[in-house]
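A.B. asks:
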Amino acid sequence: MAVLVDEHTRVLVQGMTGRAGTFYTDLAMRYGSTYVAGVRPGKVGTSHLDLPVFDTVRQATEATGANASLVLVPPHKAAEAMIEAIEGGIGLVVCVTERVPVHDMLRVRAALRGSETELVGPNSQGVLAPGLCKIGVMATSNATAGRVGIVSRSASLTSEIVAQTSAAGLGQSTTIGVGGDLIHGIGFRRCLELFKDDPATEGVILIGEIGGSEEEAAADYLASVDYGKPVVALVVGRHAPTQRRMGHAGTLAVLGGGTADAKVRRLQDAGAVIAQNADEVAGLMRQALGDA
Numbered sequence: 001m002a003v004l005v006d007e008h009t010r011v012l013v014q015g016m017t018g019r020a021g022t023f024y025t026d027l028a029m030r031y032g033s034t035y036v037a038g039v040r041p042g043k044v045g046t047s048h049l050d051l052p053v054f055d056t057v058r059q060a061t062e063a064t065g066a067n068a069s070l071v072l073v074p075p076h077k078a079a080e081a082m083i084e085a086i087e088g089g090i091g092l093v094v095c096v097t098e099r100v101p102v103h104d105m106l107r108v109r110a111a112l113r114g115s116e117t118e119l120v121g122p123n124s125q126g127v128l129a130p131g132l133c134k135i136g137v138m139a140t141s142n143a144t145a146g147r148v149g150i151v152s153r154s155a156s157l158t159s160e161i162v163a164q165t166s167a168a169g170l171g172q173s174t175t176i177g178v179g180g181d182l183i184h185g186i187g188f189r190r191c192l193e194l195f196k197d198d199p200a201t202e203g204v205i206l207i208g209e210i211g212g213s214e215e216e217a218a219a220d221y222l223a224s225v226d227y228g229k230p231v232v233a234l235v236v237g238r239h240a241p242t243q244r245r246m247g248h249a250g251t252l253a254v255l256g257g258g259t260a261d262a263k264v265r266r267l268q269d270a271g272a273v274i275a276q277n278a279d280e281v282a283g284l285m286r287q288a289l290g291d292a
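The opening position of the sequence shown corresponds to residue 1 in UniProt numbering, with each subsequent residue numbered one higher.
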C-alpha cells in the first residue's frame with residue numbers, strides 16, 4: 001500500500017501542453033504511472049502525448065475517470081486551476097507551481113474547506129509511491145518500494161534521503177513533498193496521520209526547515225497520540241541568519257520563532273529521533289526499526 005496514491009490513481013494534467021507539462025507528463029508515463037488526460041482551455045478535441053485534451057477538469061473527469069490532478073501552470077493561473085480541480089471533485093491535487101501569490105492561496109484554502117480534496121503544494125516536488133505512481137517532478141532513479149514514509153519541505157534533501165534509504169535497504173512506501181511556499185495544502189501533521197494508518201509504512205522520516213510552524217504542529221500531534229512507529233526528524237537551517245529569506249517563502253525565521261533549535265526541541269520532546277545531519281538519517285531509521 002501507499003498513501004495518497006496507488007495503482008488505481010488516474011491522473012489528469014492541468015497545463016499538459018506547455019513545455020514543463022509535456023516533459024513531466026511524459027516522464028511519469030514512462031515510469032508507469034496512469035495518466036489519462038490533459039486540460040487546456042480551447043484545446044478540447046485535440047490530443048497531446050497520445051492523451052485527450054479537454055477544456056475543463058469536469059469534462060476530463062467525466063470522460064476518463066481521472067481522480068488526481070497535477071497542476072503545472074504559471075503562478076498567476078495556479079489558484080484558478082487548483083480551485084477548478086477542487087470544485088470538480090478531484091480527490092488529490094498536486095501543485096508544482098511555485099510563487100503562487102499569497103492572496104490567491106487564501107482563496108484556494110477557502111475552496112478546500114468542506115471539500116474532500118487533499119492538496120499537495122504549491123511549490124511541491126510531488127508524491128511518489130515507487131512502482132505505483134508518480135505525480136510531480138521528482139527523480140525516480142534512486143527510489144525503491146519499501147518500508148519508510150518520507151515527508152519533506154525540501155526537494156533537494158528529499159532526493160538525498162530517498163537515495164540513502166534505498167541504499168540502506170529500507171526503501172520508501174510513499175514520499176510526499178509538502179511544498180516550500182508559506183501557504184500550502186497538506187502539512188506534516190496530516191502526512192503523519194496518513195502514514196500512521198498505512199500498514200506498508202513502518203517508520204517515517206520528516207525533513208523540516210526553519211520558518212513557519214509545520215514542525216511544531218507535527219510535534220504537538222506526536223505528543224498527543226501513541227504513534228506506534230519511529231519518526232526520525234531532520235531540521236535544517238541551524239546556521240541561517242535570522243531576518244533573511246533563504247529561497248523558500250516559508251523559511252524566514254523572525255523574532256526568535258521558527259528556529260531550527262526550537263523545532264528540534266519540540267520534536268525531540270515529542271519522541272522523534274533527531275538527526276543532526278542529512279547523512280545520519282537512514283542509519284538512525286535502521287536503528288529505530290531494529291535493523292542495525
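Ideal placement from N, C-alpha and C gives every residue a C-beta, glycine not left out. Owing to the predicted nature of the structure, the values given are computational and were not obtained by experimental measurement.
DSSP state of V162, grouped into three classes?
C.D. replies: Counting from 1 along the sequence shown, the entry for residue 162 is found at position 162. In the structure shown, V162 sits in a helix (DSSP, three-state: H, G or I).
A.B. asks: Would you check if the distance between the CB atom of V5 and the CB atom of V127 is smaller than 8 Å?
C.D. replies: Residue mapping note: residue 5 aligns to position 5 of the sequence shown, counting from 1. Residue mapping note: residue 127 aligns to position 127 of the sequence shown, counting from 1. Yes.
A.B. asks: Can you grab the Cα-Cα spacing for the pair A111 / R99, in whole Å?
C.D. replies: Position 111 of the sequence shown holds residue 111. Position 99 of the sequence shown holds residue 99. Cα to Cα, the separation comes out at about 19 Å.
A.B. asks: Can the beta-carbon of V120 be found less than 8 Å from the beta-carbon of V94?
C.D. replies: Within the sequence shown, the letter at position 120 stands for residue 120. Within the sequence shown, the letter at position 94 stands for residue 94. Result yes, Cβ atoms of V120 and V94 sit closer than 8 Å.
A.B. asks: So, M16 versus H48, is the Cβ gap smaller than 8 Å?
C.D. replies: Translated into the one-based positions of the sequence shown, residue 16 becomes position 16. Translated into the one-based positions of the sequence shown, residue 48 becomes position 48. Yes, the Cβ-Cβ distance between M16 and H48 is below 8 Å.
A.B. asks: Whose C-beta lies closer than 8 Å to the C-beta of D26 among residues of the same chain, with five residues either side of it excluded?
C.D. replies: By one-based count along the sequence shown, residue 26 stands at place 26. Taken in chain order, the residues that qualify are L49.
A.B. asks: Along the chain, where does the alpha helix (DSSP H) that runs through T25 open and close?
C.D. replies: Taking the sequence shown and counting its residues from 1, the one referred to as residue 25 is at position 25. Its alpha helix (DSSP H) spans residues 19-31.
A.B. asks: Between H8, Y35, M285, T9, which has its C-alpha nearest residue 296's C-alpha?
C.D. replies: Outside the displayed range of the chain (1 to 292) lies residue 296, so it cannot be described from this structure.
A.B. asks: Tell me which residue opens and which closes the beta strand (DSSP E) that V100 is part of.
C.D. replies: For the purposes of this step, residue 100 is identified with residue 100 of the sequence shown, where counting begins at 1. Run containing V100: none; DSSP gives neither H nor E here.
A.B. asks: Restricting to Cα atoms, I'd like to know which of S115, T117, I186, L192 is closest to I150.
C.D. replies: Residue mapping note: residue 150 aligns to position 150 of the sequence shown, counting from 1. Among S115, T117, I186, L192, the Cα nearest to that of I150 is on L192.
A.B. asks: Identify whether G185 lies in helix, strand or coil by the three-state DSSP scheme.
C.D. replies: As a first step, residue 185 is located in the sequence shown; it is residue number 185 there, counting from the start. In the structure shown, G185 sits in coil (DSSP, three-state: anything other than H, G, I, E or B).
A.B. asks: If contacts are defined as beta-carbon pairs under 8 Å, then S152 and I86 qualify, I think. What distance do you get, rounded to the angstrom?
C.D. replies: Taking the sequence shown and counting its residues from 1, the one referred to as residue 152 is at position 152. Taking the sequence shown and counting its residues from 1, the one referred to as residue 86 is at position 86. No, S152 and I86 are not in contact; Cβ-Cβ is about 24 Å, not under 8 Å.
A.B. asks: Whose C-alpha, out of D198, I176, A260, is nearest the C-alpha of T158?
C.D. replies: Residue numbering aside, residue 158 sits at position 158 when the sequence shown is read from its first letter. Among D198, I176, A260, the Cα nearest to that of T158 belongs to I176.
A.B. asks: Closer than 6 Å by C-beta to residue 324: which residues in its own chain qualify, once you throw out the five before and the five after it? Chain order, please.
C.D. replies: With the chain covering only 1 through 292, there is no way to say anything about residue 324.
A.B. asks: Please return the same chain residues whose Cβ sits closer than 8 Å to the Cβ of F195, not counting the five positions on each side in sequence.
C.D. replies: Taking the first residue of the sequence shown as 1, we reach residue 195 at position 195. Answer for F195: V3, G149, V151, S173, T174, T201, V204, K229, listed in chain order.
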